[in-house]
Amino acid sequence: MNKLLSLVLALAGLSSACGQKVSPVNTSNAASASTTNATELVTLGGGCFWCVEAIYQRIHGVKSVASGYAGGKTANPTYQEVCTGLTGHAEVIQIEFDPAQVSLADILSVFWLAHDPTTLNRQGADTGTQYRSVIFYRNDAQKQVAEKSKQSAAPHFKDPIVTQIVPLTKFFKAEDYHQSYFNNNPNQGYCTFVIRPKLEKVLKKLSQGSEGKH
Numbered sequence: 196m197n198k199l200l201s202l203v204l205a206l207a208g209l210s211s212a213c214g215q216k217v218s219p220v221n222t223s224n225a226a227s228a229s230t231t232n233a234t235e236l237v238t239l240g241g242g243c244f245w246c247v248e249a250i251y252q253r254i255h256g257v258k259s260v261a262s263g264y265a266g267g268k269t270a271n272p273t274y275q276e277v278c279t280g281l282t283g284h285a286e287v288i289q290i291e292f293d294p295a296q297v298s299l300a301d302i303l304s305v306f307w308l309a310h311d312p313t314t315l316n317r318q319g320a321d322t323g324t325q326y327r328s329v330i331f332y333r334n335d336a337q338k339q340v341a342e343k344s345k346q347s348a349a350p351h352f353k354d355p356i357v358t359q360i361v362p363l364t365k366f367f368k369a370e371d372y373h374q375s376y377f378n379n380n381p382n383q384g385y386c387t388f389v390i391r392p393k394l395e396k397v398l399k400k401l402s403q404g405s406e407g408k409h
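Throughout, our numbering is defined as the position within the sequence shown, counted from one, plus 195.
In structure tokens, the structure reads:
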């Protein structure tokens, strides 16, 4: 994964991640409802959306990231409803990226580092179907890239990958206070003890390249 080093723009300021507020790479924190001609959208679930949002905000070529919900049966769900696990939604991020700067394949390479895709409906202490590992594709081309990426990632994990690859039906943007959560709340307990260490770990792996077993 050495080629992913070029994707990360925040490495020079990594030490700031251990201090106070970490400035995002991108100034826009919410993906638009539609893309421009130069951008593409992909929707990913990898546990708590605060964690994966913080990581992708620091990837070169990512224009914006929005936290939200997808994959359930309830329209316009609230955070409280999703947390019950009864709506069927997963916590996800919608990434708008420029494929001329970063490919979907590279976006997904980061995805495998950003969470543990071998734990079913769980990331660390966060448990429930809302924390499932999932790639929501928008077309057949994205589906093919996702399936190939999953196949390529599998040998680098000791346990089988349980990530779902399913079509996106609807993305619902989460409440405003969830957007850019880590950047806006760096000293909140979850940010300090869960997100920051994960962010540092992923950025370190990207800077060094990582092909070993996870």
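Backbone N, C-alpha and C fix where the C-beta goes; we use that ideal spot for every residue, glycine too. All figures in this text were calculated on a predicted structure; none of them were measured in a lab.
Span of the alpha helix (DSSP H) holding residue i?
{"i": "Y251", "result": "244-251"}
{"i": "L236", "result": "Where L236 is concerned, there is no enclosing alpha helix (DSSP H), although the beta strand (DSSP E) it sits in stretches over 235-241."}
{"i": "K268", "result": "K268 -> no alpha helix (DSSP H), and no H or E assigned at all."}
{"i": "S328", "result": "Not the alpha helix (DSSP H): S328 falls in the beta strand (DSSP E), residues 328-332."}
{"i": "P392", "result": "391-403"}
{"i": "Q275", "result": "274-278"}
Would you mind sorting residue i into buried or exposed? The rule is 16 or more other CB atoms within 10 Å of its CB.
{"i": "L315", "result": "exposed"}
{"i": "K258", "result": "buried"}
{"i": "E370", "result": "exposed"}
{"i": "E291", "result": "buried"}
{"i": "P392", "result": "exposed"}
{"i": "A341", "result": "buried"}
{"i": "Y326", "result": "buried"}
{"i": "G256", "result": "buried"}
{"i": "A336", "result": "exposed"}
{"i": "A320", "result": "exposed"}
{"i": "A295", "result": "exposed"}
{"i": "Q252", "result": "buried"}
Give a yes or no on whether the C-beta atoms belonging to residue i and residue j are separated by under 8 Å.
{"i": "T234", "j": "D293", "result": "yes"}
{"i": "T313", "j": "I356", "result": "yes"}
{"i": "I149", "j": "V305", "result": "Only positions 196 to 409 of the chain appear in this structure, which leaves residue 149 out of reach."}
{"i": "V287", "j": "G267", "result": "no"}
{"i": "W245", "j": "Y332", "result": "no"}
Contact check, residue i vs residue j under 8 Å by CB: the rounded distance?
{"i": "A265", "j": "T282", "result": "Contact doesn't hold; Cβ gap of about 11 Å is too wide."}
{"i": "F367", "j": "P272", "result": "6 Å"}
{"i": "Q318", "j": "G241", "result": "7 Å"}
{"i": "K400", "j": "L299", "result": "K400 to L299, Cβ: 20 Å. No contact."}
{"i": "T358", "j": "I330", "result": "6 Å"}
{"i": "A261", "j": "Q289", "result": "5 Å"}
{"i": "A328", "j": "L303", "result": "This sequence places Ser at residue 328; Ala is not what is there. Rounded, the Cβ-Cβ distance is 12 Å, inconsistent with contact."}
The beta strand (DSSP E) spanning residue i covers which residue range?
{"i": "K368", "result": "366-368"}
{"i": "F352", "result": "No beta strand (DSSP E) holds F352; DSSP gives it neither H nor E."}
{"i": "A336", "result": "Here A336 belongs to no beta strand (DSSP E); instead the alpha helix (DSSP H) covers 335-348."}
{"i": "F292", "result": "285-292"}
{"i": "Q359", "result": "359-362"}
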